[in-house]
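For what it's worth, numbering that gives the first Met the number 0 labels the leading residue of the sequence shown as 0, then goes sequentially.
Inspection log for the structure reproduced underneath, given as structure tokens.
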Amino acid sequence: MTQGRGSGEKSAATRAVRAADSVERVYARIKDFAIDYRFRPGERINEVELAAELAVSRTPVRAALNRLERDGFVTSVPNKGFFARELTPEAVRDLYELRAAIERAAFVLACERASDAEIEAAAGTWTRHSSPEDEGSWAKIAVADESFHMGLTRLSKNAQMISALE
Numbered sequence: 000m001t002q003g004r005g006s007g008e009k010s011a012a013t014r015a016v017r018a019a020d021s022v023e024r025v026y027a028r029i030k031d032f033a034i035d036y037r038f039r040p041g042e043r044i045n046e047v048e049l050a051a052e053l054a055v056s057r058t059p060v061r062a063a064l065n066r067l068e069r070d071g072f073v074t075s076v077p078n079k080g081f082f083a084r085e086l087t088p089e090a091v092r093d094l095y096e097l098r099a100a101i102e103r104a105a106f107v108l109a110c111e112r113a114s115d116a117e118i119e120a121a122a123g124t125w126t127r128h129s130s131p132e133d134e135g136s137w138a139k140i141a142v143a144d145e146s147f148h149m150g151l152t153r154l155s156k157n158a159q160m161i162s163a164l165e
């Protein structure tokens, strides 16, 4: 009987891990949707449709949306649901100013903390991800740019800067 109870506990723990993995997976997908502007600024996000598309229940979708609200990707209105964040010229300017400040500070720290080999590897990221055939492909250029800037920020070896930029 004790063995049965232990198996049940393990089963509950396994379910909890799977649920957490599901929320993490749903969070990553919806975040990608938000970054790729799949949701127009100010658009209401339909939880039922998202759950169906991602083949999950509304619970992980709601958990992911709550986390995305905390991270600034969506907003919520009581009794109305979740909405894609609005993009105003001022908000875009503020985000770019924040990013520029973080990246300047990260660059200074990277120069102090990173080895020559680490710096070369980060520079190689740009070379590997940007090529003449990528010209005109904004998606590929954006991926290369993001990869380069994140690599540079990681060289700062400052976890808070890395987290803020992510």
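C-beta atoms are modelled at their ideal positions from N, C-alpha and C, and glycine is treated no differently.
Please determine, among the options, the residue with the shortest C-alpha to C-alpha distance to residue i.
i      : options                         : result
Ala100 : Met160, Ala27 and Asp31         : Met160
Arg153 : Arg61, Ala104 and Arg127        : Ala104
Arg98  : Ser114, Ala163, Ser56 and Phe32 : Ala163
Ser21  : Val55, Ser114 and Met149        : Val55
Glu145 : Ala158, Asn157 and Ala121       : Ala121
Ile34  : Asp70, Glu23 and Gly123         : Asp70
Glu165 : Thr87, Leu94 and Ala51          : Leu94
Arg106 : Met149, Ala138 and Glu96        : It should be noted that the sequence gives Phe, not Arg, for residue 106. Of Met149, Ala138 and Glu96, the residue nearest in Cα terms is Met149.
Between which two residues does the beta strand (DSSP E) holding residue i run?
i     : result
Thr87 : Run containing Thr87: none; DSSP gives neither H nor E here.
Val73 : Val73 to Val76
Using the Cβ count rule (16 or more neighbours within 10 Å means buried), how would you classify residue i?
i      : result
Ile44  : buried
Ser155 : buried
Val25  : buried
Phe147 : buried
Met0   : Legend: pLDDT at Met0 = 47, less than 50; position of this residue unreliable, no value from coordinates given.
Arg37  : exposed
For the alpha helix (DSSP H) holding residue i, just list the boundary residues, first then last.
i      : result
Phe147 : Trp137 to Arg153
Arg69  : Arg57 to Arg69
Ser162 : Ala158 to Leu164
Ala51  : Glu46 to Leu53
Report yes if the CB atom of residue i is closer than 8 Å to the CB atom of residue j, and no otherwise.
i      : j      : result
Val73  : Leu64  : yes
Trp125 : Ala141 : no
Pro40  : Glu89  : no
Glu46  : Phe82  : no
Lys30  : Leu67  : yes
Glu102 : Leu151 : yes
Leu108 : Asn78  : no
DSSP state of residue i, grouped into three classes?
i      : result
Gly123 : helix
Arg92  : helix
Arg39  : coil
Let me check you understand the geometry: is the CB of residue i closer than 7 Å to at least one non-hydrogen atom of the ligand SAH?
i     : result
Arg98 : Annotation note on the ligand SAH: not contained in the displayed structure, which lists no ligands.
Do we get a CB-CB distance below 8 Å when we pair residue i with the residues of chain C?
i     : result
Leu94 : The chain inventory of the structure shown lacks chain C, comprising one protein chain alone.
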